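In the numbering used here, the protein residues as written are 178 to 384. No residue lacks a Cβ here, since even glycine has one placed at the ideal position from N, Cα and C. On a predicted model such as this, the values are computed, not experimentally measured, just so you know. To start, the structure itself, in structure tokens.
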């Protein structure tokens with residue numbers, strides 16, 4: 178019953194969080210025993226406490242599993258089509274192209290954390306998770322990601338504002354961010370954000 182449920186709801190090599198599994202008629206202790214049995218039968222693999230996956234067969238007769246980055250993304254950014262966070266800090270600055278710094282600890286802003294900030298070990302990696310003061314969803318995730326970076330832009334910037342402005346413009350165009358969306362949220366951030374907003378002349382590139 179449990180294995181059929183897992184096969185129906187999860188793809189191979191996709192993180193399965195024990196806290197997400199809810200099957201009517203099966204208690205948590207009994208569910209834990211079933212999960213342990215599936216692991217013993219090699220139908221399921223345990224990545225770390227509370228995190229499992231269905232092994233995926235590789236072409237070389239081995240199995241493909243999950244990694245720390247995937248677990249962090251599913252737990253704090255998006256899973257089951259629900260967006261609840263985004264990458265931030267140097268990691269996002271690097272993705273955006275305004276920084277060449279590659280951080281040892283990836284920063285994430287997420288709804289899915291109670292504390293304001295925590296360092297969370299996953300596998301052999303450590304992630305810095307910050308609680309979002311604005312609820313993140315699929316409609317506002319890209320504008321919040323931009324505004325979060327603007328809070329302390331000089332800490333991430335390798336080049337001048339002219340180059341950064343072009344990188345921001347491409348991101349804004351790619352995700353269809355509008356002036357109305359920025360206006361809706363920008364005042365919920367520290368006033369220093371306006372300095373960078375006007376230095377980059379972002380008002381000129383917003384629709």
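Could you check how far apart the C-beta atoms of residue i and residue j are, in whole angstroms? I think they sit under 8 angstroms.
| i | j | result |
| --- | --- | --- |
| residue 229 | residue 218 | Going by Cβ atoms, the distance from residue 229 to residue 218 rounds to 13 angstroms, so no, they are not a contact pair. |
| residue 377 | residue 348 | Wrong, their Cβ atoms sit about 12 angstroms apart, outside the cutoff. |
| residue 260 | residue 271 | Not really, about 21 angstroms apart at Cβ, beyond 8 angstroms. |
| residue 179 | residue 200 | 7 angstroms |
| residue 359 | residue 383 | 6 angstroms |
Just how far apart, CA to CA, sit residue i and residue j?
| i | j | result |
| --- | --- | --- |
| residue 314 | residue 258 | 10 angstroms |
| residue 295 | residue 194 | 19 angstroms |
| residue 273 | residue 356 | 20 angstroms |
| residue 220 | residue 211 | 11 angstroms |
| residue 321 | residue 214 | 43 angstroms |
| residue 375 | residue 253 | 31 angstroms |
| residue 264 | residue 282 | 11 angstroms |
| residue 362 | residue 204 | 43 angstroms |
| residue 350 | residue 319 | 11 angstroms |
| residue 207 | residue 231 | 19 angstroms |
| residue 285 | residue 182 | 30 angstroms |
| residue 256 | residue 346 | 28 angstroms |
| residue 227 | residue 372 | 44 angstroms |
| residue 174 | residue 192 | With the chain covering 178 to 384 only, the question about residue 174 has no answer from this structure. |
| residue 209 | residue 187 | 18 angstroms |
| residue 290 | residue 317 | 18 angstroms |
| residue 379 | residue 342 | 7 angstroms |
| residue 202 | residue 216 | 21 angstroms |
| residue 297 | residue 344 | 30 angstroms |
| residue 354 | residue 241 | 37 angstroms |
With the cut-off set at 7 angstroms, would you say residue i and residue j are in Cβ contact?
| i | j | result |
| --- | --- | --- |
| residue 340 | residue 276 | no |
| residue 311 | residue 365 | yes |
| residue 245 | residue 299 | yes |
| residue 233 | residue 292 | no |
| residue 266 | residue 287 | no |
| residue 370 | residue 308 | no |
| residue 224 | residue 243 | yes |
| residue 330 | residue 269 | no |
Determine which residues share a DSSP beta bridge with residue i and list them.
| i | result |
| --- | --- |
| residue 287 | 262, 308 |
| residue 319 | None, per the DSSP bridge assignment. |
| residue 232 | BP columns for residue 232 are empty, so no partner. |
| residue 302 | 299 |
| residue 223 | 229 |
| residue 256 | 259 |
| residue 194 | 228 |
| residue 294 | 307 |
* Asked: Would you call the segment 245-252 and the segment 300-307 touching, i.e. three or more CB-CB distances under 8 angstroms?
  -> yes
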